[in-house]
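Please read the structure below before turning to the comments.
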Amino acid sequence: MDSAPDLRFRAPQFGTLMTAMVTPFDESAQLDLEGARDLARWLTRDGWNDGLVVNGTTGESISTTDAEKTAMVRTVSAAVGGRVCVIAGVGSGSTQHSIELAQAAAGAGAAGLMVVAPYYSRPSQAGMLRHFTAIADSTSLPVMLYDIPRRTGVEIRRETLVAAAEHPQIVAVKDAKGDLASSSWVMQHTDLHYYSGEDVLNLPLLSIGAVGLVSVIGHVAADLLRQMQRCHQQGRAVQAAAVHRQLVAVYEGMFRAPAAASVKAALAMRGLPGGPVRMPLIELDDSQRQQLAQDLATSGIPDLPVPRRPRPNRHAPSRPAAAQAVTVSKSAESQPVLSQRLP
């Protein structure tokens with residue numbers, strides 16, 4: 001007689017809630033390492049994230065240099081001091097380049113690697129598997145594969161994921177494919193730890209066996225995401241669904257424009273470091289910022305600026321944090337905050 005599957009929660013080595021962190025720039029769009037340090041510490045304060053992913057899509061990795069990527073890994077790793085896991089995005093369209101990034105990240109203090117499917121070249125599944133295993137062979141760090149076909153142009157098929165799972169260092173998947181049936185099948189046939197890589201599907205993926213989240217909205221709502229996770233893990237399905245529905249506005253709002261631009265606008269509203277985006281991305285206009293502020297308020301996310309230690313700016317005088325906040329209408333301020341009503 002077939003034994004029932006083991007559905008008990010298994011604590012993954014990367015943690016259960018990670019934010020795909022932006023790369024802070026100064027007013028001249030140069031790397032702001034002091035801002036990166038401050039933001040990393042803010043994002044990993046008590047009750048928030050237990051991991052950070054740097055140099056990913058939200059980190060504008062397509063427009064940062066290899067040296068900047070390494071500096072980000074080193075700075076963020078030092079800032080969190082081993083309290084949380086720092087994962088470095090090292091995927092590119094070239095296997096050799098990805099190996100070089102992986103080795104540099106390992107030397108800079110990363111605790112793990114995230115490898116996106118090779119983009120633009122649209123390799124065969126056999127070529128993709130060799131790409132992943134070559135990178136995993138190049139360092140001793142554990143590897144998370146990133147499946148997001150709408151960006152890369154190619155999916156990691158479920159058979160390829162099963163084959164990749166045979167490599168001892170390939171331990172996890174960041175899933176942004178939006179195919180719950182395929183994800184369920186891979187979870188059934190492997191021990192890969194699945195992470196939701198698409199915020200609106202956080203709760204659905206948890207419900208079929210994902211162990212955690214790699215979130216964009218974790219920049220501003222990690223406490224609510226953790227509450228949703230806790231309710232789900234405790235079998236409080238109604239409460240978990242209530243938090244999920246509370247977050248729908250910010251799930252949608254953060255992705256109306258490219259996520260890096262939206263996150264940096266949301267951080268600016270709170271006086272937190274982020275700065276501008278690099279072209280070809282552009283910053284949100286006034287109308288978009290006001291809409292995002294409304295979305296955040298609707299989801300019960302405070303819009304008050306966060307007190308910060310003043311930092312000298314070598315390029316231009318900075319505006320006071322309070323001046324960066326976007327005013328939210330009284331109707332938005334009056335929205336009920338569901339998280340305060342849940343036990």
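First residue of the sequence shown? That's 1 in full-length UniProt numbering, and the numbers climb one at a time after it.
Yeah, the Cβ is synthetic: ideal placement off N, Cα and C, and Gly gets one too.
Small disclaimer: the values here were computed from a predicted structure and weren't measured.
V216 vs A259 beta-carbon contact at 8 angstroms: Yes.
Query raised in the report: Shortest alpha-carbon distance to E283 belongs to which of Q188, A257, S121, S124?
Result: A257
Mind checking which residues open and close the beta strand (DSSP E) that includes H167? Premise fails: H167 is in no beta strand (DSSP E) and is neither H nor E.
>> Judging by CA-CA distance, which residue of R151, V171, S94, A102 is the nearest neighbour of A67?
In response: Ranking R151, V171, S94, A102 by Cα distance to A67 puts A102 first.
Going by the beta-carbon positions, is the gap between A111 and V86 smaller than 8 angstroms? yes
Q. If you run the structure through DSSP and keep just helix, strand and coil, what is D295?
A. helix
Legend entry - Distance, L267 Cα to P204 Cα: 27 angstroms
Original post:
Using 8 angstroms as the threshold, is the stretch 154–162 in touch with the stretch 114–125, meaning 3 or more CB pairs across them?
Top reply: Yes: the two stretches touch, three or more of their Cβ pairs being nearer than 8 angstroms.
Practice item. For L129, name the three-state secondary structure that DSSP assigns. Key: Three-state result, L129: helix.
Practice problem: Assign E60 to buried or exposed, taking buried as 16 or more other Cβ atoms, counted over all protein chains shown, within 10 Å of its Cβ. | Solution: buried
Note to self: By the DSSP assignment, the alpha helix (DSSP H) with G112 in it spans what residues?
What the structure shows: Here G112 belongs to no alpha helix (DSSP H); instead the beta strand (DSSP E) covers 112–116.
Compute the distance between the beta-carbons of I170 and V200, then report whether it is under 8 angstroms. no
Please confirm if the stretch 237–247 is in contact with the stretch 80–95, defined as three or more CB-CB distances below 8 angstroms between the two stretches.
no
* Asked: Ends of the beta strand (DSSP E) at V214?
  -> 212–215
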